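S.K.: Numbering (UniProt numbering), first residue to last: 1 to 188.
By construction, the Cβ of each residue, glycine as well, lies at the ideal position given by its N, Cα and C atoms.
All values derive from a computational prediction rather than experimental measurement.
Below you'll find the structure I mean.
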Amino acid sequence: MKTVLYIKNMVCPRCIMAVEGILDKMGIPYTTVSLGEITLKEELMGEIKEDLNHRLEKVGFTIINDRKSQLIEQMKNLVIEKVHGSKSLEGVKWPEYIANVLNLDYKYLSSLFSSVESITFEQYIIHQKIEKVKELLVYDEVNLKEIAYQLDYSSIAYLSNQFKKVTGMTPTQFKKGAIQNRKSLDDI
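Structure, rendered in structure tokens:
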């Protein structure tokens, strides 16, 4: 019987590879590993599940057992996939997207997120988008107008204002001292 484990702090393809490596090393049969989720071919029992959790914790991950924490982690992973994995966010309506994927009322999900995390879900999305802006500024492959378009900002001015609110500096100021200001995705 297939079973799904929800994993906290999986934020990138390297995280997926690390978890797959642990599963392979332990000989645990799985179907898929994606951001925040492992689909196992059969349910894990007792010591094996504890050993897996211990090995996951060694590399910064944790098995999430309660439903509310699982939902919050799924919300975070959906944002990370969309913001950091898509070429463009044009037209993404976050309330509809999150509610449709998780098949739950957005007001409930947003309220749940805010009650557990120290920020609102909307602020979390903004922080993820700002980290993507930082990444694109560091790589210097696209200009600010293209960045604003990709991340669905209505204007460069709006992007710059939001960037300054979050980081305390303008995109230009950031670009001058860029390397030391990046955060890992799981620290946001």
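Between Leu56 and Ile38, what straight-line distance do the alpha-carbon atoms span, to the nearest angstrom?
M.R.: Leu56 and Ile38: Cα-Cα distance of roughly 12 Å.
S.K.: With three or more C-beta pairs closer than 8 Å as the rule, is the segment 49-65 touching the segment 94-107?
M.R.: Result no; under three Cβ-Cβ pairs closer than 8 Å.
S.K.: Would you say Lys82 reaches chain B, if we count a Cβ-Cβ gap shorter than 8 Å as a contact?
M.R.: Looking at the structure shown, chain B is missing, and only one protein chain is on hand.
S.K.: Tell me whether the segment 16-27 and the segment 73-82 touch, counting them as touching only if at least three CB pairs, one residue from each stretch, are closer than 8 Å.
M.R.: As far as the Cβ criterion goes, the segment 16-27 does not touch the segment 73-82, which means the pair count is below three.
S.K.: Please say whether Val116 and Lys68 have beta carbons closer to each other than 8 Å?
M.R.: It is a contact, given that the beta carbons lie within the stated cut-off.
S.K.: Looking only at its chain, what residues have a beta carbon closer than 6 Å to the beta carbon of Ser111, apart from the 5 residues adjacent to it on each side?
M.R.: The answer is none, since no qualifying residue turns up.
S.K.: Assign Val79 to one of three DSSP states: helix, strand, or coil.
M.R.: Looking at Val79 - three-state DSSP - the assignment turns out to be helix.
S.K.: In this structure, what does DSSP give as the bridge partners for Ser160?
M.R.: Answer is none; Ser160 lacks a bridge partner.
S.K.: Have a look at the DSSP bridge pairing and note the partners of Ser34.
M.R.: In DSSP, Ser34 forms a bridge with Glu37.
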